[in-house]
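**Student:** Taken in sequence, the protein lines are chains A and B. Note that the numbering used here gives residue 166 to position 166 of the first sequence, counting from 1, and the numbers run on in steps of one. So the numbering used here is basically just the index in the second sequence, starting at one, shifted up by 205.
Protein chains: 2
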Amino acid sequence: MPSMKDTITTVAVDLFHRKGYFATSISEIARQCGIQKASIYYHYPSKENILFHIQQVTMEELTAYLRANLDGRTDIEECMGVAVRSHVRFHLDRQKETFIANSELRGLTPEHYLEIVRQRDEYEQIFQRIIREGIAAGVFTAADVKILSYAILTLCNGGAIWFKPRGRMPVDAIAEIYENFVLRGLKVGDLAAAAAGPDPQAAPL
Amino acid sequence: MPSMKDTITTVAVDLFHRKGYFATSISEIARQCGIQKASIYYHYPSKENILFHIQQVTMEELTAYLRANLDGRTDIEECMGVAVRSHVRFHLDRQKETFIANSELRGLTPEHYLEIVRQRDEYEQIFQRIIREGIAAGVFTAADVKILSYAILTLCNGGAIWFKPRGRMPVDAIAEIYENFVLRGLKVGDLAAAAAGPDPQAAPL
DNA sequence: GTCTATATTTTGATAGAC
DNA sequence: GTCTATCAAAATATAGAC
Numbered sequence: 001m002p003s004m005k006d007t008i009t010t011v012a013v014d015l016f017h018r019k020g021y022f023a024t025s026i027s028e029i030a031r032q033c034g035i036q037k038a039s040i041y042y043h044y045p046s047k048e049n050i051l052f053h054i055q056q057v058t059m060e061e062l063t064a065y066l067r068a069n070l071d072g073r074t075d076i077e078e079c080m081g082v083a084v085r086s087h088v089r090f091h092l093d094r095q096k097e098t099f100i101a102n103s104e105l106r107g108l109t110p111e112h113y114l115e116i117v118r119q120r121d122e123y124e125q126i127f128q129r130i131i132r133e134g135i136a137a138g139v140f141t142a143a144d145v146k147i148l149s150y151a152i153l154t155l156c157n158g159g160a161i162w163f164k165p166r167g168r169m170p171v172d173a174i175a176e177i178y179e180n181f182v183l184r185g186l187k188v189g190d191l192a193a194a195a196a197g198p199d200p201q202a203a204p205l
Numbered sequence: 206m207p208s209m210k211d212t213i214t215t216v217a218v219d220l221f222h223r224k225g226y227f228a229t230s231i232s233e234i235a236r237q238c239g240i241q242k243a244s245i246y247y248h249y250p251s252k253e254n255i256l257f258h259i260q261q262v263t264m265e266e267l268t269a270y271l272r273a274n275l276d277g278r279t280d281i282e283e284c285m286g287v288a289v290r291s292h293v294r295f296h297l298d299r300q301k302e303t304f305i306a307n308s309e310l311r312g313l314t315p316e317h318y319l320e321i322v323r324q325r326d327e328y329e330q331i332f333q334r335i336i337r338e339g340i341a342a343g344v345f346t347a348a349d350v351k352i353l354s355y356a357i358l359t360l361c362n363g364g365a366i367w368f369k370p371r372g373r374m375p376v377d378a379i380a381e382i383y384e385n386f387v388l389r390g391l392k393v394g395d396l397a398a399a400a401a402g403p404d405p406q407a408a409p410l
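#1: So which residues of chain A does Thr314 (chain B) contact, with C-beta pairs closer than 8 angstroms?
#2: Confirm, please, whether the CB-CB distance from Val287 (chain B) to Tyr383 (chain B) is below 8 angstroms.
#3: Can you name the start and end residues of the alpha helix (DSSP H) that Ile235 (chain B) belongs to?
#4: Residue range of the alpha helix (DSSP H) that Asp326 (chain B) falls in?
#5: Provide the residue(s) that pair with Phe140 (chain A) in DSSP beta bridges, ordered along the chain.
#6: Any beta carbon from chain B within less than 8 angstroms of Ala136 (chain A)'s own beta carbon?
#7: Would you mind working out which of A:Ala12, A:Ile135 and A:Glu122 sits nearest Asp75 (chain A), comparing C-alpha positions?
#8: Any idea if Gly20 (chain A) is buried or exposed, counting beta-carbon neighbours within 10 angstroms, 16 or more meaning buried?
#9: Secondary structure at Lys164 (chain A), three-state DSSP: helix, strand or coil?
#10: Considering only residues of the same chain and omitting the five flanking positions on each side of Phe52 (chain A), which have a CB-CB separation below 7 angstroms?
#11: Could you name the residues of chain A that Gly390 (chain B) contacts, counting a contact when the two beta carbons are closer than 7 angstroms?
#12: List, in chain order, every chain A residue whose beta-carbon is nearer than 8 angstroms to that of Ile352 (chain B).
#13: Under 7 angstroms, CB to CB, which of the residues in the segment 17 to 28 of chain A have a partner in chain B?
#14: What number of angstroms, rounded off, separates the C-alpha of Glu265 (chain B) from the C-alpha of Lys5 (chain A)?
#15: Give the range of the alpha helix (DSSP H) segment to which Gln55 (chain A) is assigned.
#16: Within the continuous alpha helix (DSSP H) that includes Phe99 (chain A), where are the two ends?
#17: Using a Cβ-Cβ cutoff of less than 6 angstroms, which residues in the same chain neighbour Leu191 (chain A) once the five nearest sequence positions on both sides are dropped?
#18: Determine which residues of the segment 48 to 69 of chain A have a Cβ less than 7 angstroms from any Cβ of chain B, and write them out in chain order.
#19: Using only the alpha-carbon positions, how far apart do Leu271 (chain B) and Arg323 (chain B) sit?
#20: For Leu105 (chain A), tell me which candidate among B:Pro207, B:Ala243, B:Ile366 and B:Asp219 has the shortest Cα-Cα distance.
#21: Arg106 (chain A) touches chain B at which residues, Cβ-Cβ below 9 angstroms?
#22: Quick one: grab the DSSP three-state call for Gly158 (chain A).
#23: Hey, is Leu297 (chain B)'s beta-carbon within less than 8 angstroms of any beta-carbon in chain A?
#24: If you drop the 5 nearest sequence neighbours on each side, which residues of the same chain put their C-beta closer than 7 angstroms to that of Val344 (chain B)?
#25: So what does DSSP say about Thr74 (chain A), is it helix, strand or coil?
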């Protein structure tokens with residue numbers, strides 16, 4: 001049975017996702033929790049703090065999930081595949097929270113903003129390390145590591161925007177599409193060769 | 206010399222981009238225009254209408270720019286390359302407007318929301334047609350056309366989020382990175398072959 | 001076209017009873 | 001831990017003078 005603080009958090013996640021942080025009022029959160037708005041302030045000191053709490057927990061769990069999935073692996077290409085799948089899965093499983101963490105940074109106080117950006121940098125650096133090692137090993141084609149990491153993460157975030165949990169596509173199928181797309185985009189290979197014509201052995205994207 | 210309506214629109218674009226639509230007040234727009242807030246209502250009937258106007262014009266110009274760039278071309282691969290470059294360039298040149306068009310849909314009335322979604326669908330369908338024809342021609346690997354188009358567009362939108370006009374990268378260099386990434390991701394080719402080892406002839410990504 | 005003045009609502013947050 | 005009551009500030013929008 002969830003505590004009232006958990007209920008408030010869940011309701012806030014839902015409303016921040018659906019209407020946005022600034023368009024959501026404390027009164028509305030309270031109404032959906034079945035309590036008066038003053039009671040919210042017993043559990044959270046301010047509206048901003050609810051937002052910060054959601055973002056902080058989400059970033060912590062996102063990073064922990066990635067680290068757990070990468071644990072013990074050394075093959076560069078496998079690492080990138082695992083990282084992409086990990087990222088996509090988390091974003092599809094936790095659609096609302098990750099959407100908030102990606103788009104509601106402007107609602108934070110300057111201090112909290114810096115803290116979330118720090119956590120995000122930490123997460124991005126894991127991807128950048130894999131890309132850098134892949135380029136050094138000659139597995140990935142050389143290009144700006146930061147731009148590539150942003151490209152990959154933005155691409156995969158996209159899934160969380162249009163994904164419908166009850167839609168026709170299971171999470172793993174989507175994760176696989178993104179994994180293949182990213183690996184094809186990254187890996188060394190002759191572009192011109194593929195342009196020659198259809199490949200009878202082509203693996204499905 | 207810009208009319209006051211143009212000034213209001215420009216100021217609104219800047220504020221909606223920096224602080225978000227709901228976090229921006231009519232008074233603030235007026236202050237930055239050097240007029241009183243009541244005067245805004247001579248030019249626009251409501252705050253929502255300013256947002257709608259920005260979004261509508263942006264979507265119209267984005268689509269017109271793409272159509273102009275594609276005009277007369279028939280080669281599938283070239284079309285996709287041109288489409289990606291067109292999309293990226295427009296999003297980098299018009300960072301603020303496209304950011305608003307992508308993230309402030311929730312501020313619109315239901316009627317205006319439907320209208321913008323309709324324009325967006327129209328734009329996406331141009332990309333989907335190219336992908337579909339590419340798959341039919343055997344140039345692109347078969348996969349879900351809608352998911353691919355969302356992936357490509359989200360990927361390229363990413364540029365508008367982190368791009369700094371005075372940064373180290375010129376617009377065309379970024380557009381080229383995205384074009385290559387997308388074409389590599391789409392095109393038919395044997396993934397396993399590339400995994401064999403570094404390719405001495407590898408084109409820079 | 002821009003002004004002053006104002007109507008009406010709603011907001012985030014606090015005080016203090018229970 | 002939740003309530004009622006309330007504060008002060010800010011919001012969108014309108015009326016009517018100039």
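We treat Cβ as the ideally placed atom computed from N, Cα and C, and that holds for glycine. All values reported here derive from a predicted model rather than from experimental measurement.
**Tutor:** Well, looking at it:
#1: Chain A residues near Thr314 (chain B): none, gap ~13 angstroms exceeds 8 angstroms.
#2: No; because the gap between Cβ atoms is not below 8 angstroms, this pair is not in contact.
#3: One detail in the question is off: residue 235 (chain B) reads as Ala in this sequence, not Ile. First-last of the alpha helix (DSSP H) with Ala235 (chain B): Ile231 to Cys238.
#4: Pro315 to Ala341
#5: According to DSSP, Phe140 (chain A) bridges with A:Lys187.
#6: Not an interface residue.
#7: A:Ile135
#8: buried
#9: coil
#10: Leu108 and His112
#11: Phe181, Arg184 and Gly185, listed in chain order.
#12: Met169, Ile174 and Ile177
#13: Lys19, Gly20, Phe22 and Ala23
#14: 45 angstroms
#15: Per DSSP, Gln55 (chain A) is one residue of the alpha helix (DSSP H) stretching across Lys47 to Leu70.
#16: Gln95 to Ser103 is the extent of the alpha helix (DSSP H) around Phe99 (chain A).
#17: Caution is warranted here: a pLDDT of 48 is assigned to Leu191 (chain A), below 50, making its placement in the model unreliable, and the coordinate value is therefore given only provisionally. If we look at Leu191 (chain A) and ignore the five residues flanking it on each side, it has no Cβ neighbours.
#18: none
#19: 17 angstroms
#20: Looking from the CA of Leu105 (chain A), the closest CA among B:Pro207, B:Ala243, B:Ile366 and B:Asp219 belongs to B:Ile366.
#21: Arg223, Lys224, Gly225 and Ala228
#22: Three-state result, Gly158 (chain A): helix.
#23: Taking a beta-carbon distance threshold of 8 angstroms, Leu297 (chain B) does not count as an interface residue toward chain A.
#24: Ile281, Glu282, Lys392 and Val393
#25: coil
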